[in-house]
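Engineer: Numbering-wise (the numbering used here), the sequence shown opens with residue 14 and increments by one.
Supplied in structure tokens, the structure appears directly below.
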Amino acid sequence: MPKIKTFFQCQTCGYTSPKWLGRCPDCGAWNSLVEEKKETVTRHSSLVSHLGKAEPRSLSSITGEYGQRTSTGIKELDRVLGGGVVAGSVVLIGGDPGIGKSTLLLQTFSGLSKECGKVLYVSGEESPEQIKIRSERLSINSEEIVLLSETSLEAIVNAASKLAPKAIVVDSIQTVYTEELVSAPGSVSQVRDCAAKLMLFAKRSDIPVFLVGHVTKEGAIAGPRVLEHIVDTVLYFEGDRGHSYRILRTVKNRFGSTNEIGIFEMSDSGLLEVENPSELFLLERPLNVSGSTVVASLEGTRPLMVEIQSLVSQTNFGVPRRTTIGVDFNRVNLLVAVLEKRAGLYLGGMDIFVNVVGGLRIIEPAVDLGIITTIASSLKDIPVDPKIFVFGEVGLSGEIRAVTQAEARIKEASKIGFKRAVMPLGNTGKIKNNFGLEVIGIKNVEDCLEAVFT
Ligand code: TYD
Ligand code: MG
């Protein structure tokens with residue numbers, strides 16, 4: 014007789030405790046522990062026979078076939094994955110409900126089926142008819158895409174073993190349950206166990222598996238974070254409901270670089286790849302208005318021109334407000350202090366708001382110079398010439414430090430009509446080609462303000 018053990022598990026980090034706690038001692042989240050049940054004696058499932066046994070092998074006997082990549086037909090996705098889908102890999106695509114995960118995967122699978130044949134789309138959320146309606150909207154119709162509406166992991170693995178598809182989607186992992194556990198689908202233990210079993214299945218069969226995970230704020234459903242350490246690749250599909258752009262971001266990738274992004278636009282007939290994101294992000298830029306600067310930023314391997322806006326105004330209450338969207342809050346505070354001390358600007362009694370246009374989030378240090386310039390521009394109420402762009406890291410003593418790939422940034426800027434680059438002096442010497450732009454090398458913050466405002 015299997016015994017059922019009750020315990021409490023944290024929804025954010027997976028910490029388990031025999032008793033309920035108001036705050037997780039591991040990750041510090043409040044009210045995140047929920048009751049879980051587990052059978053202490055697990056039955057031998059039929060799954061084991063499907064998964065097969067692994068044999069020890071020597072490194073040299075392993076052929077290069079493992080790790081072969083297949084193109085999905087969507088360039089933005091291929092790049093984020095590190096050049097295509099790797100055989101036997103498990104890719105988790107997380108995102109808010111309704112952001113477009115199912116749409117992206119249906120389009121991906123249409124591309125994959127053209128490339129390599131039969132693919133299996135398992136949905137625990139939608140019936141085949143509902144998926145058909147979406148596919149009509151996306152103009153996808155193929156015999157090679159096989160739909161399965163199922164939530165039992167054992168049944169899914171069974172069907173997949175029989176069909177031997179070239180790729181599998183499980184949409185979403187939170188709806189799937191394994192019969193070995195008694196807890197409800199969507200709980201931490203179910204989600205983890207199912208993902209681990211699908212991982213094993215993918216590795217033994219060499220079939221890539223895509224998992225969809227809804228990001229949930231709280232409640233009894235475990236989010237994709239509890240799976241991040243299990244799967245090979247974690248992608249987050251982000252975007253603002255109000256905007257049509259969607260950004261696919263790599264958080265973890267065992268087969269490629271992280272911090273790559275793919276940019277899409279949600280249209281009436283599905284997701285479109287954005288080939289020229291710099292143009293898109295600068296489309297509605299106000300010209301000759303103070304508090305707006307363009308930065309040549311680098312996301313992974315791709316340069317991206319983005320506008321950084323700021324508003325500096327007199328504080329009406331005692332403590333000045335500082336708000337940032339898209340850039341690090343502490344970084345902005347640090348740069349404000351540098352501006353005060355090294356460039357003599359008075360910002361102590363000012364509210365400062367900084368925003369990256371288009372819902373982007375930029376973490377690389379080259380954006381520092383943009384933040385400095387936009388704040389100074391707003392404070393002095395002097396617009397920055399719209400043909401100027403900046404990039405460079407700012408140090409605490411006001412010095413401007415060199416950044417990587419200056420040439421790639423200048424090239425991108427020249428493509429969309431910029432004329433002058435204000436950049437670290439340390440970078441200017443190494444540039445072989447300036448793509449017809451005037452390059453201004455600067456050493457410190459004061460130089461920067463002089464170059465930009467005169
Ligand atoms: P969906 O892929 O169902 O989101 P998720 O799987 O992440 O929950 O996409 C849902 C949204 O996308 C929905 O609000 C409608 C919109 N949409 C379009 O705007 N155009 C389209 O062609 C499709 C299929 C969906
Ligand atoms: Mg969906």
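Virtual Cβ for every residue (Gly too), placed ideally from N, Cα, C.
Quick caveat: nothing in here was measured; it's all calculated off a predicted structure.
Using alpha carbons as the reference points, say which of G439, R147, G362 and V189 lies closest to E167.
Structural biologist: Answer by Cα proximity: V189.
Engineer: Could you round the C-beta distance between M318 and L284 to whole angstroms and report it? I think they count as a contact, below 8 Å.
Structural biologist: So it is not a contact: roughly 22 Å between Cβ atoms.
Engineer: What's the call for S74, buried or exposed, on a 16-neighbour Cβ count within 10 Å?
Structural biologist: So S74 counts as exposed.
Engineer: In terms of alpha-carbon separation, which member of T314, V302, S152 and Y249 lies closest to S270?
Structural biologist: For the residues T314, V302, S152 and Y249, the minimum Cα distance to S270 belongs to T314.
Engineer: Given this structure, state the Cα-to-Cα distance separating Q143 from V135, to the nearest angstrom.
Structural biologist: Spanning the two alpha carbons is a distance of roughly 13 Å.
Engineer: From the DSSP output, read off the bridge partner residues of W469.
Structural biologist: Outside the shown range of the chain, which is 14 to 467, sits residue 469, and nothing can be said about it.
Engineer: Got a sec? Which residues, its chain only, sit under 6 Å from A374 by beta carbon, not counting five neighbours each side?
Structural biologist: The residue asked about is misnamed: residue 374 is Arg in this sequence, not Ala. Same-chain partners within the cutoff: G339.
Engineer: Pair every Cβ in the segment 163-178 with every Cβ in the segment 110-119, then say whether three or more of these pairs are closer than 8 Å.
Structural biologist: Taking 8 Å as the limit for Cβ pairs, the verdict is that the segment 110-119 does not touch the segment 163-178.
Engineer: Start and end of the beta strand (DSSP E) containing K265?
Structural biologist: Note, K265: beta strand (DSSP E), Y258 to N266.
Engineer: Is it the case that the CB of S115 approaches a heavy atom of the ligand MG more closely than 6 Å?
Structural biologist: Yes, the beta carbon of S115 sits closer than 6 Å to at least one heavy atom of the ligand MG.
Engineer: Hey, quick one: how far does the beta strand (DSSP E) through S364 stretch, first residue to last?
Structural biologist: Residue identity differs from the one stated: residue 364 is Asp in this sequence, not Ser. Per DSSP, D364 belongs to the beta strand (DSSP E) from M363 to V369.
Engineer: Does the separation of the CB atoms of V369 and I429 fall below 7 Å?
Structural biologist: No, they are not a contact pair.
Engineer: Could you check if V112 belongs to the surroundings of the ligand TYD, using beta carbon to heavy atom distance under 6 Å?
Structural biologist: The question names Val, but residue 112 in the sequence shown is Ile. It does: the Cβ of I112 is within 6 Å (strictly closer) of some heavy atom of the ligand TYD.
Engineer: Could you give the DSSP three-state label for F330: helix, strand or coil?
Structural biologist: Three-state DSSP puts F330 in coil, outside helix and strand.
Engineer: Heavy atom of the ligand TYD less than 6 Å from the Cβ of R262, yes or no?
Structural biologist: R262 Cβ: outside cutoff for every heavy atom of the ligand TYD.
Engineer: Give the range of the alpha helix (DSSP H) segment to which P399 is assigned.
Structural biologist: Where P399 is concerned, there is no enclosing alpha helix (DSSP H), given that its DSSP letter is neither H nor E.
Engineer: Between the segment 339-348 and the segment 378-392, do three or more beta carbon pairs fall short of 8 Å?
Structural biologist: Yes, they touch.
Engineer: Can you grab the Cα-Cα spacing for the pair G107 / K127, in whole Å?
Structural biologist: G107 and K127: Cα-Cα distance of roughly 25 Å.
Engineer: Output the boundary residues of the beta strand (DSSP E) element that contains P221.
Structural biologist: Unbroken run through P221: none, as it is neither H nor E.
Engineer: In three-state terms, what does DSSP make of P316?
Structural biologist: Strand.
Engineer: Give the range of the beta strand (DSSP E) segment to which T19 is assigned.
Structural biologist: Taken as a continuous stretch (DSSP letters only), the beta strand (DSSP E) holding T19 covers I17 to C23.
Engineer: Within 6 Å: the Cβ of R147 and any heavy atom of the ligand TYD?
Structural biologist: At least one heavy atom of the ligand TYD is nearer than 6 Å to the Cβ of R147, so yes.
Engineer: When you compare only the Cα positions, how much space is there between F122 and E312?
Structural biologist: Going from the Cα of F122 to the Cα of E312 covers about 26 Å.
Engineer: By the 10 Å Cβ neighbour count, where 16 or more other Cβ atoms means buried, how is I146 classified, buried or exposed?
Structural biologist: Exposed, since its Cβ has fewer than 16 Cβ neighbours within 10 Å.
Engineer: Using the Cβ count rule (16 or more neighbours within 10 Å means buried), how would you classify D394?
Structural biologist: With fewer than 16 Cβ atoms within 10 Å of its Cβ, D394 is classed as exposed.
Engineer: Have a look at L360, E353, V351 and P31 and flag the residue whose alpha-carbon is nearest the alpha-carbon of R334.
Structural biologist: Out of L360, E353, V351 and P31, L360 has the C-alpha closest to the C-alpha of R334.
Engineer: Since S102 and D245 are thought to touch, with beta carbons under 8 Å apart, how far apart are those beta carbons, to the nearest angstrom?
Structural biologist: That pair is a contact at about 4 Å.
Engineer: Which of the three DSSP states is assigned to N346 in this structure?
Structural biologist: The answer is helix: DSSP assigns N346 an H, G or I state.
Engineer: Within 6 Å: the Cβ of S1 and any heavy atom of the ligand TYD?
Structural biologist: Nothing about residue 1 can be reported from this structure: the residues present for the chain run from 14 to 467 only.
Engineer: Tell me, to the nearest whole angstrom, how far the beta carbon of S2 is from that of R150; I am working on the premise that it is less than 8 Å.
Structural biologist: There is simply no residue 2 to check, as the chain begins at 14 and stops at 467 in what is shown.
Engineer: Could you check the C-alpha separation between N440 and T306 for me, to the nearest Å?
Structural biologist: Spanning the two alpha carbons is a distance of roughly 20 Å.
Engineer: Report, in whole angstroms, the separation of the C-beta atoms of D184 and L118, which I expect to be a contact under 8 Å.
Structural biologist: At roughly 6 Å, the Cβ-Cβ gap stays under 8 Å, so D184 and L118 are in contact.
Engineer: Quick one: is A67 buried, meaning 16 or more other Cβ sit within 10 Å of its Cβ, or exposed?
Structural biologist: By the 10 Å Cβ count, A67 comes out exposed.
Engineer: What is the DSSP secondary structure of Q322, reduced to helix, strand or coil?
Structural biologist: Residue state, collapsed to three classes: strand.
Engineer: Which runs of the alpha helix (DSSP H) at least 4 residues long sit entirely within the segment 80-133? Give them in chain order.
Structural biologist: The qualifying runs are 88-94 and 114-129.
Engineer: Going by other Cβ atoms of all chains shown within 10 Å of its Cβ, with 16 needed for buried, is T263 buried or exposed?
Structural biologist: Per the 10 Å Cβ criterion, buried.
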